[in-house]
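Structure first, commentary second.
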Amino acid sequence: AEEDSALTLHEIHAGYDGAPVLHGVTLTVRRGEILALLGPNGAGKTTTCRVAAGLLTPRTGQVLMDGRDANRQTPVHRSREGVLLAPEGRGIFPALTIDENLTLHLPHRTDRDAVYERFPALAARRTVGAGSLSGGEQQLLALAPLLQRPPKVLIADEPSLGLAPRVVDEVFRLLTELRDAGTALLLVEEKAAEILGVADRVAYLAQGRVSWCGPRAEVEADRLTEAYLGID
Ligand code: ATP
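Those letters in the sequence shown? Residues 664 to 895, per UniProt numbering, in order.
Below, the structure is given as structure tokens:
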């Protein structure tokens with residue numbers, strides 16, 4: 664229902680100098696759900712994330728947070744209100760230790776201990792430079808603090824990009840836990856098969872418009888082909 668909407672984009676037209684990309688995108692992410700945004704390269708998925716996070720001002724259309732107009736709110740405003748853009752890939756300080764990186768987000772020891780309990784691989788190396796972690800471990804380190812204080816909305820643009828399959832499962836599990844804690848997740852993914860395992864609803868973006876949106880159970884296999892290969 665609309666009253667559950669944590670983030671709504673309404674009839675968004677947006678793009679770059681002389682290059683319109685979004686031609687009336689409308690979508691809603693509800694509290695406690697993962698909305699997967701799928702679509703072929705260049706469809707405008709990243710542009711949609713930028714508009715939602717406030718990094719790109721739409722030419723026309725509205726961004727609503729908790730049903731309130733957020734069009735004029737800067738990315739910093741939005742993150743204070745709990746609408747976060749997930750750090751892409753890294754988002755950590757490689758020269759600082761794991762514990763120092765966590766301390767930036769979680770000043771209280773008890774919160775960090777909870778992270779270590781949940782992610783033993785981080786605990787074992789807490790005094791080690793974060794730059795020595797694998798890409799996947801760095802992604803987990805960047806996202807783990809969110810579990811201690813789940814944001815209202817998390818916008819994640821390909822959080823699994825370039826990660827080994829095993830750690831992708833871990834990243835998706837973490838995102839599912841955030842969802843279960845009430846976060847509304849807008850999740851852009853190229854890995855369609857994996858994402859269908861965790862998404863509650865799916866929106867297909869094609870040529871700057873949402874061409875289909877519905878519950879995961881209603882996704883037909885041939886739509887994936889359509890979305891990814893641009894054929895029908
Ligand atoms: P991909 O999976 O390839 O990242 P996408 O669906 O995320 O695709 P966008 O990154 O939103 O698509 O890009 C949509 C269109 O906007 C593309 O044609 C792209 O070339 C163009 N574009 C993206 N960023 C810019 C920019 N900063 N300046 C100009 N054009 C841009």
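Cβ atoms here follow ideal geometry from the backbone N, Cα and C, with glycine treated the same way.
Alpha carbon of residue 740 to alpha carbon of residue 670, nearest angstrom
14 Å
Ordered along the chain, which non-local residues of its own chain (more than five positions away) have a Cβ less than 8 Å from that of residue 781?
807 and 810
With a threshold of 16 other CB atoms inside 10 Å of the CB of residue 883, please say whether the residue is buried or exposed.
exposed
Around the ligand ATP, what residues have a beta-carbon under 5 Å from a heavy atom of it, in chain order?
679, 682, 684, 704, 705, 706, 707, 708, 709 and 710
Length of the line joining the Cα atoms of residue 682 and residue 819:
24 Å
DSSP has residue 686 in a bridge; who is on the other side?
676
Less than 8 Å between the beta carbons of residue 847 and residue 816, yes or no?
yes
Please report the straight-line C-alpha distance between residue 755 and residue 826, rounded to a whole angstrom.
16 Å
Residue 836 versus residue 785: straight-line alpha-carbon distance, rounded
16 Å
Below 8 Å between beta carbons: does that hold for residue 747 and residue 715?
no
Name the two residues that bound the continuous alpha helix (DSSP H) containing residue 909.
With the chain represented from 664 up to 895, any question about residue 909 goes unanswered, as that position is not in the structure.
Close-in-space but distant-in-sequence residues of the same chain around residue 721 (CB under 7 Å, 5 per side omitted)
675, 676, 677 and 714
Alpha-carbon spacing of residue 880 relative to residue 766, whole angstroms:
40 Å
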